[in-house]
Amino acid sequence: MTGRVRSYDEEVWLAVADPSRRSLLELLINRGEATASGLASEVPFTRQAVAKHLAVLEKAQLVSSRRQGREVLFSVRPTQIDNAAQMMVNVGQAWDARLQSIKRIAEEVHRATLAPIEDGESGPPGQANSH
Amino acid sequence: MTAATIEREIRIDAPIEVVWDVVTNPKHIVNWFAEEATVDLRPGGAGSLNFTEHNHVSPLRVETVDPPNVYSYRWSQPDGEEPTEENSMLVEFILSEDQGVTTLRLVESGFAKNNWSEEKNQEYFNDHSSGWDHFVPRLASYAATANVSAK
Chain A
1260 MTGRVRSYDE EVWLAVADPS RRSLLELLIN RGEATASGLA SEVPFTRQAV AKHLAVLEKA
1320 QLVSSRRQGR EVLFSVRPTQ IDNAAQMMVN VGQAWDARLQ SIKRIAEEVH RATLAPIEDG
1380 ESGPPGQANS H
Chain B
52 MTAATIEREI RIDAPIEVVW DVVTNPKHIV NWFAEEATVD LRPGGAGSLN FTEHNHVSPL
112 RVETVDPPNV YSYRWSQPDG EEPTEENSML VEFILSEDQG VTTLRLVESG FAKNNWSEEK
172 NQEYFNDHSS GWDHFVPRLA SYAATANVSA K
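Protein chains in written order, with my numbering: chain A, 1260 to 1390; chain B, 52 to 202.
The structure is reproduced here in structure tokens:
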């Protein structure tokens, strides 16, 4: 994943952007380990959907799986979860900074258009008073 | 449909048309976002944000243009793919003005592509409070404890 730009990994970002996947992550955090069927029994989507979401999470390295007998057990990967949490904070902060810039620029532009009128306030009275 | 992930609101002492221009005009975008920017300001129009510092170009695709109130686009799709509802983030700028003060709302949201009803979706996510603002601190605190116990 070299060449990633916006200070985060888009694969991880997209993986956690989906509320269904966040629910699954949370279940896994609470349970420690679980099978896809076990998870499917606790969410209102199908086992197939759960399997699909788990595949995305695994690809983003947010969860790992291991085989035990006939079962595949999924669990979260703390390090990558940590990265994801930090990334989400960063994304929010990046927007905060951008919005502050938008505010500053818009207010500057607006003040610039008002400038001639404001000058008039401290200057001599305008034509309105002439008679 | 979708569940919001990041929501911010800011009040700006400028008329809505000015804020709209700052948000949508590449001339201004280069001053608050990317070093270079292009955008074809119409639904379906292509755009790009060039973060030259990072040697990266983010393509985007315009969704909604409703001046001066709503502007949205999709981005963050995987490299080389067209942005769709399933693989990208939707960024929405929603503007409103009251007595010369503009409120700008920003929503960056993910996607919840499933076949439940809107109502069921809402109910489920309310119950599980998997909203961003609940989720982030929980993840962070989990990560903190997990790292302590991790080898």
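Beta carbons are placed, not taken as given, at the ideal position from N, Cα and C, and that holds for glycine.
Exercise. Where does residue 1322(A) land, buried or exposed, given buried means 16+ other C-beta within 10 angstroms?
Worked result: buried
Problem set entry | N- and C-terminal bounds of the beta strand (DSSP E) containing residue 149(B) | Judged by DSSP secondary structure, residue 149(B) falls within the beta strand (DSSP E) whose first and last residues are 140 to 149.
For this session: Find the residues of chain B that neighbour residue 1317(A), judging by a C-beta separation of less than 8 Å, and give them in chain order.
Result: What residue 1317(A) touches in chain B: nothing, since even the nearest Cβ is about 16 Å away.
Exercise. Could one say the Cβ of residue 1357(A) lies closer than 9 Å to chain B's Cβ atoms, at least one of them?
Worked result: yes
Exercise. Do you know how far the Cα of residue 1305(A) is from the Cα of residue 116(B)?
Worked result: 36 Å
For this session: Would you verify that the beta carbon of residue 1330(A) is, or is not, closer than 9 Å to some beta carbon of chain B?
Result: Closer than 9 Å: no.
Exercise. Candidates 57(B), 110(B), 61(B): which alpha carbon is nearest residue 1360(A)'s?
Worked result: 61(B)
Exercise. Got a sec: is the Cβ-Cβ distance from residue 123(B) to anything in chain A below 9 Å?
Worked result: no
Exercise. Hey, out of 1372(A), 1315(A), 1292(A), whose CA is closest to residue 1326(A)'s CA?
Worked result: 1292(A)
Exercise. By Cβ distance below 7 Å, which residues in the same chain neighbour residue 1340(A) in space, the five residues on each side in sequence not counted?
Worked result: Same-chain partners within the cutoff: 1321.
For this session: Note the first and the last residue of the continuous beta strand (DSSP E) segment covering residue 59(B).
Result: 55 to 63
Exercise. Using a Cβ-Cβ distance under 9 Å, would residue 147(B) count as near chain A?
Worked result: no
Exercise. Would you say residue 71(B) and residue 1357(A) are within 9 Å of each other, going by their C-beta atoms?
Worked result: no
For this session: Measure how close the beta-carbons of residue 112(B) and residue 95(B) come, nearest whole angstrom, since I'm counting them as under 8 Å.
Result: 7 Å
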